[in-house]
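J.: Below: one structure in structure tokens.
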Amino acid sequence: MKTLITTLNSQYIHSNLAVRYLYSAAAGDGRNVHLREFTINNEDSYIYGEILKGDYDMVAFSCYIWNVEKTIYLAENLKKAAPHMQILLGGPEVSHDALDLLMENRFVDYIIQGEGEQSLRKLLDVLETEDGSGEGLGTDEVHQKKGAELAGVDGLIYRFDGKVFINQAAEPAKMDMLSFPYRYIAPENDKILYYESSRGCPFNCAYCLSSLERRVRSLSMDRIFEDLRYFLLKEVKQVKFIDRTFNFDRKRALEIFKYLIENDNGVTNFHMEICADLIDNDTLQLLRTARKGLFQFEIGVQSTNREALFAVNRSADVVSVLDNICNVVALGNIEVHADLIAGLPFEDYDSFTHSFNNVYMTKAHKIHLGFLKLLKGTAIRKSAEKYGYAYRSKPPYEVISNSFISAKDLVRLHQVEHVLDLYYNRGGFEKTLYYFTTEVAASPFAFYEELADYYYLKGYQHASHKKEDLYRILDAFAVYKDRRAKGCGPYIHGLLEEDLRANMNPEAVKKFEKKGWEI
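Okay, structure coming up:
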């Protein structure tokens with residue numbers, strides 16, 4: 134039996150950890166298992182052709198909000214072309230309405246709910262045993278045997294004899310029993326590599342699927358060090374931990390930080406999602422000794438509105454979170470990304486403005502302005518009516534409006550997000566942005582709001598822009614602003630020249646000085 138494990142990633146630079154776990158779990162014992170990754174940007178016909186010509190008996194897809202619609206369409210066409218091909222779906226986007234999905238899509242044969250490593254291996258055992266079990270048994274006996282064995286695959290929903298069966302949920306795997314996901318597949322240095330040292334989360338955030346498993350399962354420290362040693366020896370560029378809260382256990386986090394500092398290869402960067410209010414002085418003192426660039430932290434602030442945080446079951450101390458972001462940034466050797474979520478309950482436009490300004494003042498290196506997604510299975514989706522949510526019916530189920538913020542206000546925040554990414558997160562405008570946000574505008578948010586209004590008024594959103602064009606646009610905005618508040622335009626032009634010299638080539642600077650680049 135020839136099996137393909139595959140997925141459609143959101144971008145080429147991303148790799149998929151789940152399919153590597155599945156492949157590592159299933160590829161042993163002589164099974165004929167293959168692994169391929171595509172992206173949602175690949176043409177449908179290309180993915181379809183690549184899979185069809187592989188002549189697989191089963192294709193197992195890992196499904197997420199960004200790929201599920203394209204995956205189902207692809208699976209339907211594969212089934213039409215090769216009716217013998219069995220289609221298996223798994224992943225977070227099919228785990229919470231698996232029965233409905235199976236009933237609506239007759240071409241899907243199996244769905245695995247929850248973690249799939251153990252379930253996939255058992256399913257393949259059943260199907261491969263069926264291939265070679267006819268000896269000495271009649272056709273009916275083989276069929277009955279298959280039915281009994283399928284019923285023993287925990288976590289499986291499947292079709293058999295024209296009916297749909299739902300097996301009991303699979304027990305979560307013991308972490309150290311899982312194969313190292315890069316055991317058979319060498320890491321690709323042109324992609325971000327994902328790694329997890331724990332599963333589950335101690336918190337109960339209403340918008341997060343990880344909240345469905347409140348306990349945390351962690352790899353042993355010996356296993357973690359063994360895995361990390363592999364990445365260090367391979368000198369991969371970036372390892373991104375997908376642990377929902379990396380520092381849920383301070384002692385454990387300190388041990389890992391210490392190991393990576395002491396064994397630093399001078400090349401690899403490790404990205405972790407951490408809880409800022411769990412950072413203590415011992416952690417800060419240790420992190421101070423790290424090489425610049427060794428660590429990158431993502432910190433979910435989400436909001437500084439306590440009522441909004443309480444409504445989504447976040448109990449973090451806002452003051453402590455903001456203070457510790459400042460403390461980590463002040464170390465000078467760790468890049469900090471801070472996350473905000475627009476569309477939470479009780480957070481209107483003015484409240485979000487306040488949250489934005491609070492986070493901006495921490496001087497986090499990047500600020501990700503995200504929008505609430507009402508994911509299947511989450512508590513916030515179940516409370517949608519309570520808070521008056523309207524949200525997109527198709528993935529990624531993004532909020533359209535709620536009782537506290539209008540659809541138009543959220544559209545405006547999307548515009549702010551766009552210019553924030555172009556100028557603040559992309560970097561290269563440090564002096565100019567500092568002057569705008571501290572001396573010209575009423576607040577940091579007010580500046581990005583005004584810049585977004587100008588950017589969209591001029592229609593710049595209709596085309597992509599090189600970085601040098603962004604300097605032109607900001608210079609033009611300064612002139613536009615100067616017509617309304619005399620005196621700032623020429624000074625900002627000079628600051629833009631300084632930023633240009635620090636970030637662009639000399640020819641670009643000369644061109645700017647000569648023409649001003651006004652658009």
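Using this note's numbering, the letters of the sequence shown correspond one by one to residues 134 to 652. Idealized CB from N, CA, C, for every residue including glycine. Nothing here was measured: the structure is a model prediction, and the numbers come from that model.
Between the C-alpha atoms of R421 and N466, what's the straight-line distance to the nearest angstrom?
T.: Using only the alpha carbons, I get a separation of about 7 Å.
J.: Which first and last residues belong to the alpha helix (DSSP H) in which K503 is found?
T.: Checking the sequence shown, residue 503 turns out to be Gly, not Lys. Segment K499 to F504 is the beta strand (DSSP E) holding G503; no alpha helix (DSSP H) there.
J.: DSSP state of Q594, grouped into three classes?
T.: DSSP places Q594 in helix when its eight states are reduced to three.
J.: From L257 to Y530, what distance separates their C-alpha atoms?
T.: Cα-Cα distance, rounded: 33 Å.
J.: Thinking just about the alpha-carbon of each residue, which of L442, A208, F479 and V454 is nearest to the one in L411?
T.: Among L442, A208, F479 and V454, the Cα nearest to that of L411 is on V454.
J.: Using the C-alpha atoms, what's the distance from D376 back to P305?
T.: Cα-Cα distance, rounded: 16 Å.
J.: Since M236 is in the alpha helix (DSSP H), which residue starts that stretch and which ends it?
T.: First-last of the alpha helix (DSSP H) with M236: A231 to E237.
J.: To the nearest angstrom, how far is the alpha carbon of K519 from that of N460?
T.: Each residue's Cα considered, the two are about 38 Å apart.
J.: With burial defined as no fewer than 16 other Cβ atoms inside 10 Å of the residue's Cβ, what is the status of V297: buried or exposed?
T.: Classification of V297: exposed, given that the 10 Å Cβ count is below 16.
J.: Looking at the strands, I want to know which residues DSSP matches up with Y291.
T.: Per DSSP, Y243 and F298.
J.: Does the pairing of the region 478-487 with the region 435-445 give three or more beta-carbon distances under 8 Å?
T.: A contact exists between the region 478-487 and the region 435-445.
J.: Between D360, E329, A339 and M134, which lies nearest to L507 when the distance is taken from Cα to Cα?
T.: When each option's Cα is compared against that of L507, the closest is A339.
J.: Would you mind sorting E274 into buried or exposed? The rule is 16 or more other CB atoms within 10 Å of its CB.
T.: Counting Cβ neighbours within 10 Å, E274 comes out exposed, since fewer than 16 surround it.
J.: Let me check one thing: in DSSP terms, what residues is N142 bridge-paired to?
T.: Bridge partners of N142: T172.
J.: Going by the CB atoms, is the gap between V434 and D382 shorter than 8 Å?
T.: The answer is no: Cβ separation not under 8 Å.
J.: Compute the Euclidean distance between the alpha carbons of D653 and G627, then round it to the nearest angstrom.
T.: Here the chain has residues from 134 to 652 only, and residue 653 is not among them.
J.: Below 8 Å between beta carbons: does that hold for L221 and I245?
T.: Yes, the Cβ-Cβ distance between L221 and I245 is below 8 Å.
J.: Given a threshold of 16 other Cβ atoms within 10 Å of its Cβ, counted over all protein chains shown, does A302 qualify as buried or as exposed?
T.: By the 10 Å Cβ count, A302 comes out exposed.
J.: Does the Cβ of T571 have 16 or more other Cβ atoms within 10 Å, making it buried, or fewer, making it exposed?
T.: Label assigned to T571: exposed.
J.: Which one or two residues does DSSP pair with R332 in a beta bridge?
T.: Answer by DSSP bridge pairing, in chain order: R350.
J.: By DSSP, does E250 sit in helix, in strand, or in coil?
T.: Residue state, collapsed to three classes: helix.
J.: For the region 362-406, which segments carrying the alpha helix (DSSP H) assignment without a break, of at least 4 residues, lie completely within its bounds, in sequence order?
T.: The region 362-406 contains these whole alpha helix (DSSP H) runs: 383-395.
J.: How would you label Y567, buried or exposed, when you count the other beta carbons within 10 angstroms and need 16 or more for buried?
T.: The residue is exposed, with fewer than 16 neighbouring Cβ atoms inside 10 Å.
J.: Looking only at its own chain, which residues have a Cβ that is under 8 Å from the Cβ of M218, when we skip the five neighbours before and after it?
T.: Same-chain partners within the cutoff: Y189, D190, M191, V192, L211 and K212.
J.: Just reading off the beta strand (DSSP E) that V532 is part of, what are its end residues?
T.: Looking at the DSSP string, the run of the beta strand (DSSP E) that includes V532 is V532 to S534.
J.: Name, in chain order, the residues that DSSP records as bridge partners for A193.
T.: According to DSSP, A193 bridges with I138 and L221.
J.: Identify whether F97 lies in helix, strand or coil by the three-state DSSP scheme.
T.: Outside the displayed span of the chain (134 to 652) sits residue 97, for which this structure offers no information.
J.: Taking all protein chains shown into account, decide if L584 is buried (16 or more other Cβ within 10 angstroms of its Cβ) or exposed.
T.: The residue is buried, with at least 16 neighbouring Cβ atoms inside 10 Å.
J.: Taking Cβ to Cβ, would you say Y156 is nearer than 8 Å to Y317?
T.: Against a cut-off of 8 Å, the Cβ pair of Y317 and Y156 comes out as a contact.
J.: I need the DSSP call for A609, collapsed to helix, strand or coil.
T.: Reduced to three states, the DSSP call for A609 is helix.
J.: Please state if the CB of K391 and the CB of L419 are separated by a distance shorter than 8 Å.
T.: Yes, they are a contact pair.
J.: Determine whether the beta carbon atoms of L260 and I184 lie at a separation below 8 Å.
T.: The answer is no: Cβ separation not under 8 Å.
J.: Just how far apart, CA to CA, sit A517 and S195?
T.: Cα to Cα, A517 sits roughly 27 Å from S195.
J.: To the nearest angstrom, how far is the alpha carbon of K644 from that of N558?
T.: If you take the alpha carbons of K644 and N558, they lie about 25 Å apart.
J.: Mind checking which residues open and close the alpha helix (DSSP H) that includes A208?
T.: V201 to A214 is the extent of the alpha helix (DSSP H) around A208.
J.: Rounding to the nearest angstrom, what Cα-Cα distance links A635 and K564 in this structure?
T.: Rounded to the nearest angstrom, the two C-alpha atoms are 10 Å apart.
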